[in-house]
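Novice: Heads up: the protein sequence lines correspond to chains A and B, in order. So the first sequence is numbered by this note's numbering: it starts at -14 and just counts up by one. So the second sequence is numbered by this note's numbering: it starts at 8 and just counts up by one. Got a structure for you, written out below as C-alpha cells; questions coming shortly.
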Amino acid sequence: MEYFLQQLINGLTLGAIYGLIAIGYTMVYGIIGMINFAHGEIYMIGAFISIITFMVLASLNVTSVPLAIIIVLAVTMFFTSVHGWTVERIAYRPLRGSYKLAPLISAIGMSIFLQNYVQILQGARVRPMRPLLRGGITLLETNGFAVQISYLQIIIIVLTTGLMIGFSFIIGSTPLGRAQRACEQDRTMAALLGVNVDRTISLTFVIGACLAAVAGMMVTLYWGVVDFFIGFLAGVKAFTAAVLGGVGSLPGAMLGGVLIGLIEAFWSAYFTIEYKDVAVFVILVLVLIFRPSGLLGRPEVEKV
Amino acid sequence: MAVQSIAVTGRVDIPAIVKEAFLAAVVTFALSIPLVGFQTVDVMGGIDYVTHFDRVAYAVVSVFIGRLTLGWLKATRATTAGSGPSAASAAMARIAALASEYSLPIGAVGLLLAVAVPFTNNYYIDLGTTVMIYVMLGWGLNIVVGLAGLLDLGYVAFYAVGAYTVGLLSVNFGLGFWVCLPLAGFFAAGFGMLLGFPVLRLRGDYLAIVTLGFGEIIRIVLLNWQSLTNGPNGIGDIPRPSFFGLPFARSAPAGHETFAQFFGLDFDPNQRTTFLYYLILILALITNLFTMRIRRLPVGRAWEALREDEIACRAIGINATNVKLSAFAIGAMFAGFAGSFFGAKQGFISPESFNFTESATILAIVVLGGMGSQLGVVLAALILVGLPELGREFEQYRMLLFGAAMVGIMVFRPRGLLAHRTPSIRLYGKGAAS
C-alpha cells in the first residue's frame, strides 16, 4: 500500500510533465492538423536553456531558490517560445496547403536538425545539474517504509495545476482563445470574419513552446540531467498522451499525460523497468486501433 | 512579416526591407543568445559555462546582411520580371521531367558506372557496398512511401528482423547465407503483415507514429532479450556469404574447394569484397526491377491510386486495407533481404545499428530523391550516404545538414528533387490506351 502510494506520487509528477508537453501537440494538431514532430525537441531546448540560466544565476550569486526558479521560468519560457515561433515560421508556414505528408516530413527534418544543432553547440555528453532543492514531506510511515513527497514534486504538481487553470482561462475566455477555437473549427471562415489566422497559428506554437519550456525546466530540476536526445522519447510519450486523451482536446491531453505517467511508474515498479517504453508504445497502438478518437476526443468524420 | 516592399509606384521600398532585416536580426539574436552565446562545458565534478558572444554577433550580422540582400533581390526582381525562387523551382521541374523521360539511358549509364566500381580500389568498393545497401533500402521503402503513400518511420525494424534472422539462424542452427536470405525476407514480410494488419486503417500521420513506435519496440526488445539476442553485445561470427557453396577463404575444409581453387585463381581477400559488392548490386537491381514491373500491375496501380485519393478508391471497390498491406509486406520483405545481406557482410550485428536515425536516413533518401522516383533514390543515396563518407571531417555536421535538407526540400519542392508524375495512361502516342 505504501509502495503503491509512493508510485502514485511519482507517476503523477511524471504525468504532469508529459501532460504539459502533450498540450503543445494537441493544440497544434487541433489548429493545423499536423503532428508537430519537433515539439519534443522544443522541450529539450527548454531544458537546456533552463540549465544554462540556472548556471548563470548561480555565477551571479542569486541564492534565493524561489527567486531563481521564477527568473529561470520567465527566461526559459521566453527564449523557448522564440524557438517555437521560428520553427513554425521556417518549416511549417510555407507548407500550408501543400500535400498532406509534406509538413510531417518537414517536421521530422526539423527535429533531426534541432537535435544535432544542440549536440554541436552544447556537446553530446549528459549535462548534470546540482540539486537545487532537497528534502520533502513524509506523508505516512509504516514498517520503516516512508511515503514521501519531495518539495520538487510539490512544486511540479502545483505549477502544472496553476498553468492548466491559467491556460484554460486563456482558451476559454480571452479574444486570443476565441480566435484559436475559431481557427480550429474552420480556418477559412475564421479568416473571412477577420481573424488573423497566421498570427493565431503562430501564437498557438508560442503557447505550446512555453508549456514545453516549463516541462523542460521541471525535468532539469527533477532528474538533474539533460542531454540532446531527451526530446525524442519524451516527445513520443507526450504524443501518446495526446492521442490517449483524444487529439484536439485540452483536458484530454492532461488526462492522457497523467495516465501515461502513472502507467510508466507502475510498470517500472511492478514489472520490468527495461520494458517501460515498450508498454507506452503498446498502449499507443492499442488506443489507435480500438479508440482512435481517444478518451475525451470527438470522433473524426472524414468528409469529401 | 510579409514582404511589402513593392510600393504602388513600382519603386523599391527601402525602409520596409531594412525593417524586415532588422526584425530577422532581432529574432536571430533571441535564438542564438542562450544556446550559442553560452556553452556548457565539463569541469571537474560538474559543469560550467563559457561565453561565445562573438559567435552571436556573427550570426546576427550575417542574418541581417543576408536578409537585406534577399529582400533587395526580391524587390528588384519583382519590379522587373517574375523570377526568383519560382524560376529555380521551374528549372528543377524541367530537369525532373527530362530525367524521367530519359530514365532508360540514364539508368544504363548509371548501371555501367556501378558495374565498373570494383575496378577502382578497395575503398571505393566498400563505399559502393554501403551506398548500395541504402539504395536497396530506399527502393524498398519507396514502395511503401513513394508508391502507396504510407509514411513508415520504423522501416529499420524490418531491416533488423532480416539481419537478426541471419544472425540467429546461422549461429544457432548453422544455416548458410543462401538459406537465410529468403527466410529473412519471409520473416520480415511476416512482421510487416503482423504490424500492418491492425494499424493500416489509421490515417497517414497516425500511421507514422505507430510505425515509429514499432521500430522502437523491436530495438528495445533486441536490446533487452539477453538470452536470445545477447543484448547490446550483439551477435558475432556470422558466416560470410559463399559463392554458391564455394567459400572465400585461404583453405577449405577437407572435401571442399574454395572459390579461388575452383576457378584456379590465387587467393586474394579482395575477391570477397568484390563478390559482396556485386551481390548487393544484384539484390538492389532485383528490387528495382520488381518495383518497375509491379507498378504496371493492377496492385501497383491501386497503390498509386490509393496514395492520391483513398475515398475515391474505396468508392470504386478497392479493398484499401489489403492493398496497403501488400505494399507494407513487400516493402518489409526487401528490407529483410537488405538486412540479411548487412548481417552476413558485417559478420556482427547489434541493436545499435538499427536506431531511429537509420529509419530517418532511409526516409530522407526516399523523400529527397523524389517520392516514387527510382532514379531519385540513387541520387539521394549518393548525396546523403556517399558524400559524408568522402568528407569525414563533416561527420558531425552530417545529420544537421540532413535535417536542414529535409526541411528545405519540403519547402521548395514538396514532392522531392526528381519527382515527376509520369502519366499512367496516355490518350495518344507511345503506350496509348486502346
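Glycine included, C-beta positions come from ideal geometry on N, C-alpha and C.
For Gly156(B), I'd like the list of residues in its chain whose CB is within less than 6 Å of its CB, leaving aside the five on either flank, ordered along the chain.
Specialist: Short of 6 Å from the beta carbon of Gly156(B), and not among the five residues preceding or following it, lie these beta carbons of its own chain, in chain order: Arg314.
Novice: In whole angstroms, what is the alpha-carbon distance linking Arg247(B) and Asp61(B)?
Specialist: 53 Å
Novice: Which residue wins for smallest C-alpha separation from Phe130(A), given the options Gln(-9)(A), Leu271(A), Tyr136(A)?
Specialist: Gln(-9)(A)
Novice: Pick out the complete alpha helix (DSSP H) segments inside the stretch 156 to 183 of chain B, 4 residues or longer, and give them in chain order.
Specialist: 163 to 180
Novice: How many angstroms separate the CA atom of Gly91(B) from the CA atom of Leu89(A)?
Specialist: With a pLDDT of 49 at Gly91(B), under the threshold of 50, the modelled position of this residue cannot be trusted; read the value that follows with caution. If I take the Cα positions, the gap works out to 26 Å.
Novice: DSSP three-state label for Leu(-7)(A), please.
Specialist: helix
Novice: Using three-state DSSP, classify Ala96(A) as helix, strand or coil.
Specialist: The residue asked about is misnamed: residue 96(A) is Ser in this sequence, not Ala. Three-state DSSP puts Ser96(A) in a helix.
Novice: Across which residues does DSSP place Gly53(B) in a beta bridge pair?
Specialist: Val50(B)
Novice: Where does Gln107(A) land, buried or exposed, given buried means 16+ other C-beta within 10 angstroms?
Specialist: buried
Novice: With burial defined as no fewer than 16 other Cβ atoms inside 10 Å of the residue's Cβ, what is the status of Ala388(B): buried or exposed?
Specialist: buried
Novice: Roughly how many whole angstroms lie between the Cα atoms of Pro421(B) and Leu80(A)?
Specialist: Each residue's Cα considered, the two are about 8 Å apart.
Novice: Roughly how far, in whole angstroms, is the beta-carbon of Ala254(A) from the beta-carbon of Ile142(A), given that I think they are within contact range, below 8 Å?
Specialist: Rounded, the Cβ-Cβ distance is 19 Å, inconsistent with contact.
Novice: Give a yes or no on contact between the stretch 254 to 272 of chain A and the stretch 203 to 212 of chain A, applying the rule of three or more CB pairs nearer than 8 Å.
Specialist: no
Novice: Is it buried or exposed, Thr48(A), if we count other Cβ atoms within 10 angstroms and call 16 or more buried?
Specialist: That one is exposed.
Novice: Taking the straight line between their C-alpha atoms, what separation do you get for Ile216(B) and Gly246(A)?
Specialist: Taking the straight line from one Cα to the other gives about 19 Å.
Novice: Would you decide whether Ile55(A) is buried or exposed? Buried here means 16 or more other CB atoms lie within 10 Å of its CB.
Specialist: exposed
Novice: Per DSSP, what kind of secondary structure is Glu359(B) in: helix, strand or coil?
Specialist: helix
Novice: Leaving out the 5 sequence neighbours to the left and right, which residues in its chain are closer than 8 Å to Ala319(B) when beta-carbon positions are compared?
Specialist: Ala312
Novice: Please list, in chain order, all residues of the same chain as Leu178(A) whose beta carbon is under 8 Å from its beta carbon, the five residues on each side excluded.
Specialist: Ala167
Novice: Could you tell me which residues DSSP puts in a beta bridge with Ile134(A)?
Specialist: Ile122(A)
Novice: Tell me the rounded alpha-carbon separation between Gln46(B) and Val132(A).
Specialist: 39 Å
Novice: Measuring CB to CB, does Ala195(B) end up less than 8 Å from Val168(B)?
Specialist: yes
Novice: Per DSSP, which one or two residues make a beta bridge with Val142(B)?
Specialist: Its beta-bridge partners do not exist; DSSP assigns none.
Novice: Go ahead and label Gly89(B) buried or exposed: buried means 16 or more other beta carbons lie within 10 angstroms of its beta carbon, across all protein chains shown.
Specialist: Because the pLDDT of Gly89(B) is 48, which lies under 50, any placement of that residue in the model is unreliable, and the question is left without a value.
Novice: With C-beta atoms as the reference, is Met163(B) less than 8 Å away from Gly222(B)?
Specialist: Rather than Met, the amino acid found at residue 163(B) in this sequence is Val. In contact: Val163(B) and Gly222(B) (Cβ atoms closer than 8 Å).
Novice: Am I right that Val43(B) and Ala66(B) are in contact with their C-beta atoms under 8 Å? What's the rounded C-beta distance?
Specialist: A Cβ-Cβ distance of about 6 Å is found for the pair Val43(B) and Ala66(B), placing them in contact under the 8 Å criterion.
Novice: Express the C-alpha separation of Ala250(A) and Ile(-6)(A) in angstroms, rounding to a whole number.
Specialist: 9 Å
Novice: Could you tell me if Met(-14)(A) is buried or exposed, where buried requires 16 or more neighbouring beta carbons within 10 angstroms of its beta carbon?
Specialist: exposed
Novice: Scan the stretch 221 to 255 of chain B for residues whose Cβ lies nearer than 9 Å to a Cβ of chain A and list them as they occur along the chain.
Specialist: Phe221, Glu223, Ile224, Ile227, Val228, Leu230, Asn231
Novice: Taking 8 Å as the CB-CB limit, is Gly393(B) close to chain A?
Specialist: no
Novice: Assuming Asp49(B) and Arg110(A) are in contact, meaning their beta carbons sit under 8 Å apart, how far apart are those beta carbons, in whole angstroms?
Specialist: 6 Å
Novice: Might you give, ordered along the chain, the residues of its own chain that have their beta carbon closer than 7 Å to the beta carbon of Ile3(A), omitting 5 neighbours on each side?
Specialist: Rather than Ile, the amino acid found at residue 3(A) in this sequence is Tyr. Excluding sequence neighbours, Tyr3(A) sits near Lys222, Ala223, Ala226, Gly242, Ile245, Gly246.
Novice: Can the beta-carbon of Thr189(A) be found closer than 8 Å to that of Gln170(A)?
Specialist: no
Novice: Of all the CB atoms in chain A, is at least one closer than 8 Å to the CB of Ala7(B)?
Specialist: This structure cannot settle anything about residue 7(B), because the visible part of chain B is limited to 8 through 441.
Novice: Return no unless some Cβ of chain B is closer than 8 Å to the Cβ of Thr71(A).
Specialist: yes
Novice: Which term fits Val50(A), buried or exposed, when burial requires 16 or more other beta carbons within 10 angstroms of its beta carbon?
Specialist: Under this definition Val50(A) is an exposed residue.
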